[in-house]
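Trainee:
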Amino acid sequence: MQLPDIQKDLYANLKTYFGYDSYRAQQKDIVETLLGKKDCLVIMPTGGGKSICFQLPALTFKGLTLVISPLIALMKDQVDGLNANGIAASFFNSSQGHAEQQQIIDQIVTKKLKLLYVAPESLSGLQNILKETYISCVAIDEAHCISSWGHDFRPSYQQLGFLKSTLPNTPFIALTATADKATRDDILKQLQIENAEQFISSFDRKNIALEVRSGSNRISQIVSFIKKRPNQSGIIYCLSRKATEQLADKLKKNGISAKAYHAGLNFEERNKVQEDFIFDKTPIVCATVAFGMGIDKSNVRWVIHYNMPKNIEGYYQEIGRAGRDGLKSQALLFHSYADVIQLRNFANGTSNEEVQVAKIERMKQFAEATTCRRKILLSYFGELLAENCGNCDVCKNPPQFFDGTIIAQKALSAIYRLNEREAAGMVIDVLRGSQNANILDKGYTQIKTFGIGKDISWKDWQHFIVQLINQGYCEIAFHKNNALQLTEFSKKVLFQGAKVLLTKPVDVVEVKTSEKEK
Ligand code: ADP
Ligand code: ZN
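Under UniProt numbering, read the sequence shown as residues 1 to 518, first letter to last.
Pasting the structure below:
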């Protein structure tokens, strides 16, 4: 067939089987490249329309399109969706008995099946059909799982490296929503598709407003955030299972209907929470990162991170679950040093500790930014934004700097007088002249800086000290009980009169959401 004929067929199929009148950006090029038997790497945000990129060509290919996907739980839904559209698709996994699996293999051999979803663990059961007579295309969904540089490494994905040598003339398409440059290169190398054509869409989700707030009084901040947005759907991500349950309880006590979701619930319980969320019966879910993968809900209006995620890929993917319908949505991140410390502890001693710590550091820089956050976020994915976005808290409320030299001197001399042995909390107590038992015990009322910062509130001191750390005037000794310590820069401030610029603490000003945005 000539290309124009194929294109005509493709448009017809797009309409007949999927009900779409046109392609979305890049889908056309990807589909045609794949049909031209060239390998493809597709990086497209969640909700961007990755599925069509392999589902549509699958209808044109003579043989089977094998779809590798890590999520057995979601395969059935995807296959049901395709079947409902009149497409011969099935899945192959460990939940099926031998007879059922054999039936699927028969359908492949007789070329009755167009798409087969399979988890990497189950590939071994398909050995007899892993031949180019049967297979026309291989799609690897969530391809970042193959890379230990990615945020969701799955060892089972590594065995996919052998597939290309088994099927050398079959076009491969690897797809993912999140992969920085290092991860992308690693995906290509591991899948042995180094010459793949790369399709990298813009990561900018302009409709999602970005905001970061200090983590103090999170619960009351969240309650007031939600109460200002009645009837909206949202997800709150927490770091631990227990935290999701505690938060859901606290919200309920405040009259807010919310459910917890985590991997500790059984299959039925999880399914129920998921469905109630999708069908708007439960507006709010407090969840661990286990929640959301593959959930196709377009009207999630906001995503809150109760804790700081361990890397920007995860953060980006999670906030991407908001506003898939393109309407205005919000992403709110709470940032606290306690979270950073906890994340570092998690990373401690893991096989790729260095990578993880570097990623936590980037995440922290994002959270503490005093320039447009979207610029920082996009630059992480190798995308440069020429203008400030106008839709993040920094753009809307630019920090105002003032001469904070005296404040810095007070803080740094307190750290010095405390022999660089105390964490931020104690330093602030000393500055504010607190008479608590711990201070009395240690005799800190006697030191020279005791009480010299009474005029500044606890919260504001916290804000200033975070900035001093960010600007390198002091640092946290993570391996010494998080004690604050001085740096080369501190000396310039303490002894050489160097000027320090600090930003004013901003009172939380919420951006109004209008009725229309619901
Ligand atoms: P991803 O896998 O990238 O997260 P999906 O393939 O699930 O995204 O598609 C996201 C949404 O976009 C789905 O609801 C899908 O129906 C819709 N969609 C995809 N392609 C098109 C298109 N060409 N025209 C209209 N809607 C589309
Ligand atoms: Zn901005």
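A virtual CB, placed ideally from N, CA and C, is assigned to each residue, including glycine.
I'd like to know if the stretch 204-224 and the stretch 388-396 are in contact, where contact means that at least 3 CB-CB pairs between them fall below 8 Å.
Mentor: Contact between the stretch 204-224 and the stretch 388-396 is present, because at least three Cβ pairs lie under 8 Å.
Trainee: Applying the criterion that 16 or more other CB atoms from any shown protein chain within 10 Å of the CB defines a buried residue, is Arg324 buried or exposed?
Mentor: Arg324 is buried by the Cβ-count criterion.
Trainee: Please list, in chain order, all residues of the same chain as Gln159 whose beta carbon is under 8 Å from its beta carbon, the five residues on each side excluded.
Mentor: Excluding positions up to five away in sequence, the list reads Pro120, Leu123.
Trainee: Flag Arg205 as yes when its Cβ comes closer than 7 Å to any non-hydrogen atom of the ligand ADP, and as no otherwise.
Mentor: Because no heavy atom of the ligand ADP lies under 7 Å away, the Cβ of Arg205 does not count as near it: no.
Trainee: The ligand ZN and Gly47: does any heavy atom of the ligand fall closer than 7 Å to the residue's C-beta?
Mentor: Gly47: no, Cβ never under 7 Å from the ligand ZN.
Trainee: Return the chain-ordered ranges of every alpha helix (DSSP H) run that is complete within the UniProt domain "Helicase C-terminal" (218-366) and spans a minimum of 4 residues.
Mentor: Whole alpha helix (DSSP H) segments, 4+ residues: 218-227, 241-253, 267-278, 312-319, 337-347.
Trainee: Going by Cα to Cα distance, which pick from Ser457, Glu318, Ala263, Ile129 is closest to Ala73?
Mentor: Nearest of Ser457, Glu318, Ala263, Ile129 to Ala73, Cα basis: Ala263.
Trainee: Are there any heavy atoms of the ligand ADP lying less than 7 Å away from the beta-carbon of Asp29, as far as the coordinates show?
Mentor: No; taking the cut-off as 7 Å, the Cβ of Asp29 has no heavy atom of the ligand ADP nearer than that.
Trainee: Classify Ser220 as buried or exposed, calling it buried when 16 or more other Cβ atoms lie within 10 Å of its own Cβ.
Mentor: The residue is exposed, with fewer than 16 neighbouring Cβ atoms inside 10 Å.
Trainee: So is the beta-carbon of Val212 under 7 Å away from any non-hydrogen atom of the ligand ZN?
Mentor: Outside the cutoff, so no.
Trainee: Return the CA-CA distance between Val357 and Arg184, expressed in angstroms with no decimal places.
Mentor: Cα to Cα, the separation comes out at about 20 Å.
Trainee: Determine which residues share a DSSP beta bridge with Cys372 and list them.
Mentor: Looking at the DSSP assignment, Cys372 forms no beta bridge with any residue, so it has no partner.
Trainee: Starting from the Cα of Pro505, find the closest Cα among Ser90, Tyr20, Gly36, Arg213 and give me that residue.
Mentor: Ranking Ser90, Tyr20, Gly36, Arg213 by Cα distance to Pro505 puts Arg213 first.
Trainee: Out of Cys286, Leu82, Gly125, Ile193, which one is the CA nearest neighbour of Leu59?
Mentor: Taking only the C-alpha atoms, the option nearest Leu59 is Leu82.
Trainee: Determine the DSSP secondary structure at Ile200, reduced to helix, strand or coil.
Mentor: Three-state DSSP puts Ile200 in a strand.
Trainee: Given Ile30, which residues of its chain have a CB within under 7 Å of its CB, disregarding the five upstream and five downstream residues?
Mentor: Excluding sequence neighbours, Ile30 sits near Cys40, Val42, Cys53, Phe199.
Trainee: Have a look at Gln330 and Gly36 and give me their C-alpha separation to the nearest angstrom.
Mentor: Distance between the alpha carbons of Gln330 and Gly36: 40 Å.
Trainee: By how many angstroms is the C-alpha of Phe464 removed from the C-alpha of Ser224?
Mentor: In a straight line, the C-alpha of Ser224 is about 25 Å away from that of Phe464.
Trainee: Taking 7 Å as the cut-off, does the CB of Val394 come closer than this to any heavy atom belonging to the ligand ZN?
Mentor: Val394 Cβ: within cutoff of the ligand ZN.
Trainee: Under 7 Å from any heavy atom of the ligand ZN, does the C-beta of Gly451 make it?
Mentor: Outside the cutoff, so no.
Trainee: Which residues in the same chain as Ala179 place their Cβ atom closer than 7 Å to its Cβ, once the five residues preceding and following it in sequence are excluded?
Mentor: Excluding sequence neighbours, Ala179 sits near Ile43, His144, Gly150, Ile187.
Trainee: Go ahead and label Val509 buried or exposed: buried means 16 or more other beta carbons lie within 10 angstroms of its beta carbon, across all protein chains shown.
Mentor: Low local confidence applies: a pLDDT of 41 at Val509 is under 50, so the model's placement there is unreliable, and no value is given.
Trainee: I want to check one thing, is the minimum distance from the CB of Ile108 to the heavy atoms of the ligand ADP below 7 Å?
Mentor: It does not: the Cβ of Ile108 is nowhere closer than 7 Å to a heavy atom of the ligand ADP.
Trainee: Taking the beta carbon of Thr371 as the centre, do at least 16 other beta carbons fall within 10 Å, making it buried, or is it exposed?
Mentor: Answer is exposed; the Cβ neighbour count stays below 16.
Trainee: Starting from Gln102, trace the alpha helix (DSSP H) in both directions and tell me its first and last residue.
Mentor: Gln102 -> alpha helix (DSSP H) spans 98-109.
Trainee: To the nearest angstrom, how far is it from the Cα of Lys112 to the Cα of Asn85?
Mentor: Rounded to the nearest angstrom, the two C-alpha atoms are 16 Å apart.
Trainee: Is Asn397 near the ligand ZN - that is, is its Cβ less than 7 Å away from at least one heavy atom of it?
Mentor: Checking the Cβ of Asn397 against the ligand ZN gives no.
Trainee: Considering just the uninterrupted stretch of the alpha helix (DSSP H) at Thr166, what are its terminal residues?
Mentor: Counting along the chain, the alpha helix (DSSP H) containing Thr166 begins and ends at 163-166.
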